[in-house]
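Read in order, the letters of the sequence shown are residues 5 to 221 in our numbering. We put the beta carbon where it would ideally sit given N, CA and C, even for glycine.
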Amino acid sequence: MTTTHTAAAPAETDDSAHPERVDFWFDPLCPFAWITSRWMLEVEKVRPVHTTFHVMSLSVLNSGKEVPAEYEEMLERGWGPVRLAIAIEQQHGQQALRDYYTAIGTKRHNEQQDFTPELFAAVLEEIGLPVELASAVDDPSLDDAVRASHQVGIDKVGEDVGTPVIEIGGIAFFGPVLQSIPKGETAGTVFDGARLLAGFPDFFELKRTRKGDLDFG
Numbered sequence: 005m006t007t008t009h010t011a012a013a014p015a016e017t018d019d020s021a022h023p024e025r026v027d028f029w030f031d032p033l034c035p036f037a038w039i040t041s042r043w044m045l046e047v048e049k050v051r052p053v054h055t056t057f058h059v060m061s062l063s064v065l066n067s068g069k070e071v072p073a074e075y076e077e078m079l080e081r082g083w084g085p086v087r088l089a090i091a092i093e094q095q096h097g098q099q100a101l102r103d104y105y106t107a108i109g110t111k112r113h114n115e116q117q118d119f120t121p122e123l124f125a126a127v128l129e130e131i132g133l134p135v136e137l138a139s140a141v142d143d144p145s146l147d148d149a150v151r152a153s154h155q156v157g158i159d160k161v162g163e164d165v166g167t168p169v170i171e172i173g174g175i176a177f178f179g180p181v182l183q184s185i186p187k188g189e190t191a192g193t194v195f196d197g198a199r200l201l202a203g204f205p206d207f208f209e210l211k212r213t214r215k216g217d218l219d220f221g
């Protein structure tokens with residue numbers, strides 16, 4: 005009697021079990037970083053990727069530079085949100101940082117609220133963290149950690165950039181800077197293009213003049 009052995013079919017791989025890591029540096033001040041971050045959350049719905057969020061700071065980036073007085077005042081106020089972001093990441097981890105950015109970004113950019121003690125308290129309450137953490141806003145001992153997180157992103161792209169910074173497949177670049185948030189498969193297609201460009205080591209810039217207002221919807 006001859007026994008016939010049938011080879012087992014190879015198991016299907018589940019890309020969602022091993023998503024591609026995308027690193028993203030943001031400052032809560034920056035509306036362009038906000039749009040790019042919301043795009044990446046859309047990408048996560050249609051591509052096997054996961055975004056790891058990191059703090060960078062326009063206040064650090066512009067330190068010592070000559071800027072208009074109004075912008076300088078904004079940069080001074082910008083220390084509070086990034087200090088709080090760092091404190092949240094240190095004490096509660098990456099998911100809490102993502103939740104914080106979503107909450108504070110929605111209030112700042114979609115609802116046009118200013119950074120105030122009341123806003124920080126409301127954000128912490130919304131994401132289920134102790135309101136006492138808001139004291140981090142005025143804690144300069146966190147500034148070295150802010151600078152360190154910022155520098156990791158800047159070291160990947162160079163000094164003559166702003167926010168956001170994104171890294172795909174080990175290649176980092178400034179942007180993409182978007183005027184509105186791509187949704188659904190469009191978000192995935194835009195990501196595919198960004199990944200393709202990132203895969204070419206000599207790619208360094210695409211740019212054109214923006215027309216119209218930003219759309220956070």
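- Excluding sequence positions up to five before and after A202, its CB lies within less than 7 Å of the CB of I172, G173, I175 and F177, all in the same chain and listed in chain order.
- Judged by DSSP secondary structure, H58 falls within the beta strand (DSSP E) whose first and last residues are V53 to V59.
- By the Cβ rule, the segment 27-45 counts as touching the segment 179-196, because three or more pairs are nearer than 8 Å.
- Buried is the label assigned to L137, since at least 16 other Cβ atoms lie within 10 Å of its Cβ.
- Shown here for V127: same chain residues with a beta carbon closer than 6 Å to its own, the five before and five after excluded, namely A107 and I108 in chain order.
- A distance below 8 Å between beta-carbons, with the five flanking residues on each side excluded, links V135 to the following residues of its chain, in chain order: A125, L128 and E129.
- D27 is bridged by DSSP to T56 and E171.
- Here G97 is exposed: its Cβ has fewer than 16 other Cβ atoms, across all protein chains shown, within 10 Å.
- Under the three-state reduction of DSSP, F124 is assigned to helix.
- Taking all protein chains in view, the Cβ of G179 is crowded by 16 or more other Cβ atoms within 10 Å, so the residue is classified as buried.
- Counting only residues of its own chain and dropping the five nearest sequence neighbours on each side, R81 has a CB closer than 7 Å to the CB of F119.
- A distance of 8 Å or more separates the beta carbons of L210 and I39.
- Comparing alpha-carbon positions, the option among R51, A37, L33 and H22 lying closest to K187 turns out to be R51.
- With a threshold of 16 other beta carbon atoms within 10 Å, P121 falls short and is exposed.
- In terms of Cβ geometry, V169 and V181 do not form a close pair [threshold 8 Å].
- In the three-state reduction of the DSSP assignment, F207 falls in the coil class, being assigned neither a helical nor a strand state.
- Taking C-alpha positions only, L88 is separated from V26 by approximately 23 Å.
- Less than 8 Å divides the Cβ of F36 from the Cβ of T167.
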